[in-house]
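Position in the sequence shown (first residue = 1) + 163 = UniProt numbering.
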Amino acid sequence: AVAVPPPASADDGGHGVQVSSVRGPDPEAAAASGIPVRRFTLTARTATVALASGQRIQAWTFDGRVPGPALEVTQGDLVVVTLRNADIAAGVTLHWHGYDVPVGEDGVAGMTQDAVRPGESFEYRFRADRAGTYWYHTHEASDRAVRLGLYGTLVVRPRAAADGVDLTLPLHTFGTALAVGDRDQPTTHAVAPGTPVRLRVINTDDGPHRLTLTGPFRLVAVDGTDLNGPGVLERVAVRLPAGARVDVAVTAGAAPVTLHVDDGRATVRLAPAADTPAPPVDTAAWPTLDQTRYGTPAPTPFDAHSRFDRRFTMVLDRGVALADGLPKYAFTVNGRAYPYVTTQTVREGDLVHLTVVNRSRDTHPMHLHGHHVLALRHNGRPFTGSPLWMDTFDVQPGEVWEVGLRADNPGVWMNHCHNLKHAAKGMAVHLAYA
Ligand code: C2O
Ligand code: CU
164 AVAVPPPASA DDGGHGVQVS SVRGPDPEAA AASGIPVRRF TLTARTATVA
214 LASGQRIQAW TFDGRVPGPA LEVTQGDLVV VTLRNADIAA GVTLHWHGYD
264 VPVGEDGVAG MTQDAVRPGE SFEYRFRADR AGTYWYHTHE ASDRAVRLGL
314 YGTLVVRPRA AADGVDLTLP LHTFGTALAV GDRDQPTTHA VAPGTPVRLR
364 VINTDDGPHR LTLTGPFRLV AVDGTDLNGP GVLERVAVRL PAGARVDVAV
414 TAGAAPVTLH VDDGRATVRL APAADTPAPP VDTAAWPTLD QTRYGTPAPT
464 PFDAHSRFDR RFTMVLDRGV ALADGLPKYA FTVNGRAYPY VTTQTVREGD
514 LVHLTVVNRS RDTHPMHLHG HHVLALRHNG RPFTGSPLWM DTFDVQPGEV
564 WEVGLRADNP GVWMNHCHNL KHAAKGMAVH LAYA
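Right, dumping it as structure tokens:
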């Protein structure tokens, strides 16, 4: 039940698909009915940006900054964002990564809207009824444009604000430097002993990062969704797939707590005083966090044994496939490259089962727009611990993931690898409502 789109302009991205028009709420009507409206304007433009180390980068920015402005709203707000494009010749959009917006707000150039050209603008609007950690980025020429800086963070805070310190930490690689926000060198946050701290770590890169902490922590949320009953973890590493987010809770003690990314390529210290040195850590021997330690079980609306209305298999590989009308070396889904991959067609209300098989030698962080999927099985083994709802999950070489979702957000959606170089070379498919 996708409404008829308004007349499309000539540029539909070349793939001949133009949906849209399931739009978010009208801001005037929302304001009249007492819904708080939060307005932002983001202007995309080229700029030279100095990182904390002094390194200067030629960036594509929102508002001249990398990352773009941190958008922070409260659960229940209507978020209205006007995107302007000053001089990004490739065109630009805003995709709300992990936030399940109506399809007309999803920001997929050539599909849900045309890319915004220099001098043009587009207004996005969606109700932020779901608290959590998300991010935004352009979805036009995104393999290049996100790397160059067209991204930022989106945090929806719960109505009842938690005590303590809340830090949003987007990770991004600039050349050889791994930056946390705009800090490409170790940072220290002065935190009084006993203060609860929530770290919202966001991977805006094309590959995974490895997170370790020097003290006990709890993994409290994955991809914007709280885990159920997370226990205290110690000496375990957390894998953060490209595009994914984890929220980690720590309590600053008398000793500083340090977050290491990739065993020290980037560090964030929470210290009672800014000059307390971090203790040396041997992270090499730490085991990877096993999914069975993701909290405790809780009821879910469906599980691996439910009767699914549709089942799709996605075999991920590399090889020669038709792309742009020519055979090319491509990243493929079921032997084909986007847009020639057979669409996954569903009906509203369907319970959908996806099996994702990786036959290639590369890791593929798979990202479905507009929906969260529930992890069902990994290499045939059922998930235990907390229900795990994800929008982006790593499928490593040889792995088989089974996930489920409820088709509850009509439209045509991208389901693609968030190694954006892979996506640009074909690893994408549409999930479309009939
Ligand atoms: Cu964050 Cu289609 O992407
Ligand atoms: Cu990939």
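Ideal placement from N, C-alpha and C gives every residue a C-beta, glycine not left out. Keep in mind the model is a prediction, meaning the values are calculated, not measured.
{"Check": "Inspect the beta-carbon positions of V431 and L341 and report whether they are closer than 9 Å.", "Outcome": "no"}
{"Check": "Out of Y501, A308, A417, state which residue places its alpha-carbon closest to the alpha-carbon of G378.", "Outcome": "A417"}
{"Check": "Go to R280, then tell me how far its beta strand (DSSP E) extends in each direction, as first and last residue.", "Outcome": "Unbroken run through R280: none, as it is neither H nor E."}
{"Check": "When DSSP labels each residue in this structure, what does V243 get in the three-state scheme?", "Outcome": "strand"}
{"Check": "Taking a contact to mean a Cβ-Cβ separation below 9 Å, would you say R470 touches V515 in this structure?", "Outcome": "no"}
{"Check": "Do V343 and A415 have their CB atoms nearer than 9 Å?", "Outcome": "no"}
{"Check": "Starting from S305, follow the alpha helix (DSSP H) in both directions and report where the run begins and ends.", "Outcome": "305-308"}
{"Check": "Grab me the residues of G458's own chain with a C-beta within less than 6 Å of its C-beta, minus the 5 sequence neighbours each way, in chain order.", "Outcome": "L390, N391, G392, P393, G548, S549"}
{"Check": "Using alpha carbons as the reference points, say which of P404, R322, G295 lies closest to N582.", "Outcome": "P404"}
{"Check": "Can we count T526 as close to ligand 2, meaning its CB is less than 8 Å from some heavy atom?", "Outcome": "yes"}
{"Check": "Measure the alpha-carbon distance for V271 versus T505 and round it to whole angstroms.", "Outcome": "19 Å"}
{"Check": "Using a 10 Å radius around the Cβ and a threshold of 16 neighbouring Cβ atoms, would you call T451 buried or exposed?", "Outcome": "exposed"}
{"Check": "My assumption, with CB atoms under 8 Å, is that P199 sits in contact with L234. Please give the rounded CB distance.", "Outcome": "Their Cβ separation, rounded to whole angstroms, is 14 Å, which puts P199 and L234 out of contact at 8 Å."}
{"Check": "Tell me the DSSP secondary structure of P190 in three-state form.", "Outcome": "helix"}
{"Check": "For a quick check, are the C-beta atoms of W259 and F225 less than 9 Å apart?", "Outcome": "no"}
{"Check": "Could you spell out where the alpha helix (DSSP H) holding L539 opens and where it closes?", "Outcome": "Here L539 belongs to no alpha helix (DSSP H); instead the beta strand (DSSP E) covers 536-541."}
{"Check": "Under 8 Å, with one C-beta from each stretch per pair, do the segment 525-540 and the segment 550-558 reach the 3-pair mark?", "Outcome": "yes"}
{"Check": "Does the count of Cβ pairs from the segment 370-385 and the segment 236-253 closer than 8 Å reach three?", "Outcome": "no"}
{"Check": "Report the rounded CA-to-CA distance for S216 versus L334, giving the unit in angstroms.", "Outcome": "16 Å"}
{"Check": "Determine the burial state of L489: buried for a count of at least 16 other Cβ atoms within 10 Å of its Cβ, exposed for fewer.", "Outcome": "exposed"}
{"Check": "Taking 8 Å as the cut-off, is the C-beta of F494 nearer than that to any heavy atom in ligand 2?", "Outcome": "yes"}
{"Check": "Using alpha carbons as the reference points, say which of A210, E191, G427, E397 lies closest to F380.", "Outcome": "E397"}
{"Check": "Determine the contact status of L485 and R522, defining contact as a CB-CB distance below 9 Å.", "Outcome": "no"}
{"Check": "Thinking C-alpha only, which one of V383, V360, Q348, V364 is nearest A429?", "Outcome": "Q348"}
{"Check": "Inspect the CB distances between the segment 301-309 and the segment 578-594 and report whether three or more fall short of 8 Å.", "Outcome": "yes"}
{"Check": "Taking 9 Å as the threshold (C-beta atoms), are Y287 and V319 in contact?", "Outcome": "no"}
{"Check": "Determine the burial state of N578: buried for a count of at least 16 other Cβ atoms within 10 Å of its Cβ, exposed for fewer.", "Outcome": "buried"}
{"Check": "Out of D453, T301, V364, which has the shortest C-alpha to C-alpha gap to A253?", "Outcome": "T301"}
{"Check": "Where do the N-terminal and C-terminal ends of the alpha helix (DSSP H) with residue 630 fall, by residue?", "Outcome": "Outside the displayed span of the chain (164 to 597) sits residue 630, for which this structure offers no information."}
{"Check": "Roughly how many angstroms separate the alpha carbons of G179 and R499, rounded to a whole number?", "Outcome": "Residue confidence is low: G179 scores 43 on pLDDT, short of 50, so the model does not pin down where it sits. No coordinate-derived value is stated."}
{"Check": "On the DSSP bridge assignment, give the partners of M529 in chain order.", "Outcome": "F556, C580"}
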